[in-house]
Amino acid sequence: MSPRNNIRIHDTNVAFWTYHDAKLPTIVMIHGFRGTHHGLDLIAKALPEYYVIVPDLPGFGKSDPLHEEHSLDNYIKWLHAFITELKLSEPPVLLGHSFGSIITAAYAGQHPDSISKLILVNPIGAPALQGPKAAMTQLAILYYLLGKKLPKKIA
Numbered sequence: 020m021s022p023r024n025n026i027r028i029h030d031t032n033v034a035f036w037t038y039h040d041a042k043l044p045t046i047v048m049i050h051g052f053r054g055t056h057h058g059l060d061l062i063a064k065a066l067p068e069y070y071v072i073v074p075d076l077p078g079f080g081k082s083d084p085l086h087e088e089h090s091l092d093n094y095i096k097w098l099h100a101f102i103t104e105l106k107l108s109e110p111p112v113l114l115g116h117s118f119g120s121i122i123t124a125a126y127a128g129q130h131p132d133s134i135s136k137l138i139l140v141n142p143i144g145a146p147a148l149q150g151p152k153a154a155m156t157q158l159a160i161l162y163y164l165l166g167k168k169l170p171k172k173i174a
């Protein structure tokens with residue numbers, strides 16, 4: 020089991036997990052929608068030549084939701100604050116899976132010097148928070164937010 024860590028980003032608690040030695044080159048992995056760090060656990064464990072950091076996105080898993088709207092721009096701001104707060108000695112490799120690929124690709128476009136490489140796994144071409152499927156995405160976000168507030172026996 021990898022160690023769980025917590026930091027404060029934009030006045031919210033962010034849970035993240037680390038794998039392997041912090042002296043190794045770093046990969047920051049961003050999970051997909053409806054996921055948590057658990058979805059990237061096997062991949063992170065299979066990369067012993069890297070220090071791997073996997074946060075739960077805001078409102079997912081053990082991380083608090085954003086105080087602002089759950090939008091692509093706010094996820095990019097959050098990711099920038101998260102990577103900055105890690106105080107890494109070198110820019111990390113940034114990996115995004117599924118919905119995480121939207122966030123990481125947009126982040127790389129706005130902050131190209133803050134990462135060394137970008138890896139997209141099962142990328143999505145259209146933002147899930149915009150367009151005709153936005154309503155379903157917002158319903159899923161509401162589902163997970165309500166699930167966090169309900170007693171465990173009901174959730």
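Numbering (the numbering used here), first residue to last: 20 to 174.
Note that the Cβ used here is the ideal one computed from N, Cα and C, for glycine as well.
(request) Could you pull the start and end residues of the beta strand (DSSP E) that residue 70 belongs to? (result) 70-74
(message) Run through the DSSP bridge pairs and tell me what residue 27 is partnered with.
(response) 32
(request) Starting from residue 49, follow its DSSP beta bridges and name the residues at the other end. (result) 115
(request) Return the residue from the list 115, 43, 109 that minimises the CA-CA distance to residue 75. (result) 115
(message) Can you list, in chain order, the residues of its chain with a C-beta nearer than 6 Å to that of residue 135? Leave out the 5 residues immediately preceding and following it.
(response) 110, 112
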